[in-house]
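As structure tokens, the structure follows; a few thoughts come after it.
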Amino acid sequence: MSRRRRLAILGSTGSIGRSALDVVGRFPDRFEVVALAAGRNVGLLAEQVRACRPRVVAVATEEGARALAGALGPEAPEILVGAEGACAVAALGEVDYVLAAIAGSAGMRPTAAAIRAGKVVGLANKESIVLAGEHLMAMARAKGTPILPVDSEHSAIFQCLVGHHRDDVRRLVLTASGGPFRDWSEEQLRQATPEQALRHPNWEMGAKITVDSATLMNKGLEVIEARWLFDLPPERIGILVHPESVVHSMVEYVDGSVVAQLGTPDMRGPIAFALTWPGPRLPLDLAPLNLGERGALRFEEPDPRRFPAYTLCYEALRAGGTAPAVLSGADEAAVEAFLEGRAGFTDIAAAVAHALERHEIRPVSSVEDALDASEEGRRHATSYLAARARAS
Ligand SMILES: NC(=O)c1ccc[n+]([C@@H]2O[C@H](COP(=O)([O-])OP(=O)(O)OC[C@H]3O[C@@H](n4cnc5c(N)ncnc54)[C@H](OP(=O)(O)O)[C@@H]3O)[C@@H](O)[C@H]2O)c1
């Protein structure tokens, strides 16, 4: 790259945002942080502003904006507020690259704003592509702007596709760690607590995605994400449980050859790859992968009986239209309820299945259509869980 990439990092205070700033801070000759957007963690955002001096920041609330201005005093950058603020940050004229890492459906509008403004997008916020994948990909094609995967599995597939003919792909295989409950019985799963679900064996991530990893919903959401990012039908996207999380995913070609991408589980790898593409890789000092010391790598088929959540994602994808958005909204509400003690672990998939059953599928022609469907999913899941709680 001839000049520094001018970045807006959305979700800078989250797990992905912090890892991205760690990478970016090590290569000041390659990146300039122009703007940050965060939710409510004003204390951390103030520290990030002092460290990387963005020109603009966005926070979720007016109260947060006042607290940030107070904390930074005369050093404060321009402070914007709410979803409009995050969208404005994503579309800033002097930004050429947006890392979309807000969690959940709150990331939808800012991700769309970045694409609409023709920015290169590093996409971590998988919910936006689950909600409105077809629509966003069409918008990106029309703008001629790339959407680069940050999710480790999709980054792996992206890397495995480089230098190959697109028509030679037979299928994609997404690997899944299996989460903390991989060996648990159905009875044990019914008793699983938020503390246990949040103890992921290999990855440190935000709470929502960690619970989604435990139900395997995350892997199903990734199938939907892969369907749109790589333009392949669901029957050509498989899942394989791989407890060591060393093989990040694979591409099988028509001649039977399988190309895989391996590495230690550390999100700074895929983040750096997405931030620099198509430039040269960054020399990162991540723990090296020593396969000799690692020993055996295991692979097994996922179990749809104990982990039905991922099968719902295939169903939603086949149903099309608003079904994936309803699924995503229902899952967000059910995960929140689980984390707040209002639902059991196995209620999450049941609530999502209920929301899909209740929903009448419509086409998605806009971001608003997708967000409306996601809200409907939330409502169905919430009323289902409330009824269950009353009955028990
Ligand atoms: N973590 C991973 O390893 C990983 C891997 C692959 C994909 N992803 C995806 O990347 C996204 C982020 O995940 P994460 O693990 O980094 O989540 P996280 O740790 O929970 O962080 C979420 C970020 O979003 C911000 N945010 C939440 N609501 C917001 C709102 N209404 N307006 C503005 N900002 C808001 C939060 O701000 P505050 O904290 O300031 O409130 C925080 O910066 C998710 O879509 C996830 O699925 C994550």
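For the sequence shown, my numbering assigns the number 852 to the initial residue and increments by one for each residue that follows. By construction, the Cβ of each residue, glycine as well, lies at the ideal position given by its N, Cα and C atoms. Remember, predicted model here, so these are calculated numbers, not experimental data.
Item to check | Local Cβ density within 10 Å of E1187, reported as buried at 16 or more and exposed below that | outcome: Answer is buried; the Cβ neighbour count reaches 16.
Checklist entry - Would you report the Cα separation of A1242 and W1079, rounded to the nearest angstrom? => result C-alpha of A1242 to C-alpha of W1079: approximately 40 Å in a straight line.
Checklist entry - Can the beta-carbon of G862 be found less than 8 Å from the beta-carbon of A954? => result Yes; because the gap between Cβ atoms is below 8 Å, this pair is in contact.
Next on the checklist: Suppose you measure from the CA of E1226 to the CA of L1142; what does that come to, to the nearest Å?
Outcome noted: Taking the straight line joining both Cα atoms gives about 45 Å.
Item to check | CA-to-CA distance, R1239 to R877, given in whole angstroms | outcome: Here the C-alpha atom of R877 lies approximately 50 Å from the C-alpha atom of R1239.
Next on the checklist: So, does the stretch 1177 to 1196 touch the stretch 1215 to 1225, judging by three or more C-beta pairs under 8 Å?
Outcome noted: In this structure the stretch 1177 to 1196 lies against the stretch 1215 to 1225, because at least three pairs of beta carbons, one per stretch, are closer than 8 Å.
Checklist entry - CA-CA distance, M852 and L1126? => result Note that M852 scores 45 on pLDDT, short of 50, meaning its location in the model is unreliable; the coordinates nonetheless yield the value given after this. Straight-line Cα distance between these residues: approximately 11 Å.
Checklist entry - Which two residues bound the contiguous alpha helix (DSSP H) that contains S870? => result Its alpha helix (DSSP H) spans residues 866 to 877.
Item to check | Buried versus exposed, by CB contacts within 10 Å (16 or more), K994 | outcome: So K994 counts as exposed.
Next on the checklist: Is any non-hydrogen atom of ligand 1 found closer than 7 Å to the C-beta of W1054, if you look at the structure I gave you?
Outcome noted: Yes, the Cβ of W1054 comes within 7 Å of a heavy atom of ligand 1.
Next on the checklist: So if DSSP puts Q1112 in a beta bridge, which residue, or which two residues, is it bridged to?
Outcome noted: S1100, per the DSSP bridge assignment.
Checklist entry - Cβ of R1209 within 8 Å of Cβ of L1236? => result Not a contact, by the Cβ cut-off of 8 Å.
Checklist entry - Could you give the residue range of the beta strand (DSSP E) that holds V1090? => result Sequence inspection shows Ile at residue 1090; the Val mentioned does not correspond to that position. Here the beta strand (DSSP E) through I1090 covers 1088 to 1092.
Item to check | Bridge partner(s) assigned by DSSP for F882 | outcome: Looking at the DSSP assignment, F882 forms a beta bridge with R856.
Checklist entry - Is the beta carbon of V1218 within less than 7 Å of some heavy atom of ligand 1? => result It does not: the Cβ of V1218 is nowhere closer than 7 Å to a heavy atom of ligand 1.
Next on the checklist: Alpha carbons only, please: which of A897, R856, G865 is nearest the one belonging to D880?
Outcome noted: When only C-alpha atoms are compared, the closest one is R856.
Item to check | Alpha-carbon spacing of P1084 relative to L872, whole angstroms | outcome: Each residue's alpha carbon lies about 35 Å from the other.
Next on the checklist: So, for R1132: in the same chain, excluding its five sequence neighbours on each side, which residues have a beta-carbon less than 8 Å away from its beta-carbon?
Outcome noted: Excluding sequence neighbours, R1132 sits near A1123, F1124.
Item to check | Closer than 7 Å: G890 CB and nearest ligand 1 heavy atom | outcome: Result yes, Cβ under 7 Å from ligand 1.
Checklist entry - Skipping 5 residues on each side, what residues in its chain have a beta carbon closer than 7 Å to that of W1128? => result If we look at W1128 and ignore the five residues flanking it on each side, its Cβ neighbours are L999.
Checklist entry - Counting pairs of Cβ atoms below 8 Å between the stretch 968 to 981 and the stretch 1044 to 1052, do you hit three or more? => result No: the two stretches stay apart, fewer than three of their Cβ pairs being nearer than 8 Å.
Checklist entry - Nearest-angstrom Cα distance between T912 and F1081? => result Whole-angstrom Cα-Cα distance: 36 Å.
Item to check | Segment contact flag, the stretch 1144 to 1164 with the stretch 1060 to 1080, C-beta cutoff 8 Å, min 3 pairs | outcome: In short, these stretches touch, since the Cβ pair count reaches three.
Checklist entry - Below 8 Å, can you find three or more Cβ-Cβ pairs linking the stretch 956 to 972 to the stretch 916 to 929? => result No, the stretch 956 to 972 is not in contact with the stretch 916 to 929.
Checklist entry - Does any heavy atom of ligand 1 sit closer than 7 Å to the C-beta of K1070? => result Not under cutoff, so the answer is no.
Checklist entry - From which residue to which residue does the beta strand (DSSP E) around V907 run? => result Per DSSP, V907 is one residue of the beta strand (DSSP E) stretching across 907 to 910.
Next on the checklist: Using 8 Å as the threshold, is the C-beta distance between V874 and C903 below it?
Outcome noted: No, the pair does not count as a contact, with Cβ atoms beyond the cut-off.
Next on the checklist: Please give me, in chain order, every unbroken run of the alpha helix (DSSP H) with length at least 4 that falls completely inside the stretch 939 to 1011.
Outcome noted: Within the stretch 939 to 1011, the complete alpha helix (DSSP H) runs of at least 4 residues are 959 to 967, 977 to 994.
Item to check | Among L1067, A1181, Q1047, the one whose alpha carbon lies nearest that of R1156 | outcome: Checked all of L1067, A1181, Q1047; the closest Cα to R1156 is L1067.
Checklist entry - Helix, strand or coil for E1151 per DSSP? => result Looking at E1151 - three-state DSSP - the assignment turns out to be strand.
Checklist entry - How is the beta strand (DSSP E) around T1026 delimited, first residue to last? => result Taken as a continuous stretch (DSSP letters only), the beta strand (DSSP E) holding T1026 covers 1020 to 1027.
Checklist entry - Which residue or residues does DSSP assign as beta-bridge partners of I1199? => result Under the DSSP definition of a beta bridge, I1199 lacks any partner.
Checklist entry - Do A1202 and A1181 come within 8 Å of each other at the CB atom, strictly closer than that value? => result In this structure, A1202 lies closer than 8 Å to A1181 by Cβ.
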